[in-house]
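Everything below concerns the one structure shown next.
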């Protein structure tokens, strides 16, 4: 059930992200999204609870690392992609992420990749490549093209 909810929220995020990119730069949109998200979260949990939680310096560095390298940069690149190729292509291209994660787990963590998993990864790669090669019949304007016209 949570997987279905997650996919609906991700769809909303991609489509409304594209809509917002028609007016705003990707980094501005991220600032607004993360800012309003933080304000909403602060209603649920006080920031003082987090600040006074007694976390070590090592934990704060880990929090900062996750905030920048696992959140801010990936979302920035994702919105940059939507800005140039539209939400539909960017979302399908994002399916490359589990393939990269699986391969990284194999290399870094010594995880086992079974033949069916490798075959699935090859299928995802092939789909992404075919998507990028194929052209839309009447390619609608990307958010970047729309902003440049204004």
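In the working numbering, the protein residues as written are 22 to 171. Backbone N, C-alpha and C fix where the C-beta goes; we use that ideal spot for every residue, glycine too. Remember, it's a predicted structure, so these values are computed and weren't measured experimentally.
The criterion of a C-beta distance shorter than 8 Å is satisfied by residue 107 and residue 39.
Sorting 118, 72, 60 by C-alpha distance to the C-alpha of residue 98 places 118 at the top. In this structure, the CA atom of residue 45 is about 21 Å from the CA atom of residue 89. Pairing residue 113 with residue 152 gives a Cβ-Cβ distance under 8 Å. Burial is judged here by how many other beta carbons sit within 10 angstroms of a residue's own beta carbon; residue 47 has at least 16 and is buried.
Counted as a single uninterrupted DSSP element, the stretch harbouring residue 76 is not any alpha helix (DSSP H), since DSSP gives it neither H nor E.
Judged by beta-carbon spacing, residue 51 lies within the 8 Å limit of residue 100, meaning their Cβ atoms are closer than that value.
Inclusion of residue 111 and residue 35 in the CB contact set at 8 Å is warranted, their separation being smaller than that value. The beta carbon of residue 128 is closer than 6 Å to none in its chain, skipping five residues each way along the sequence.
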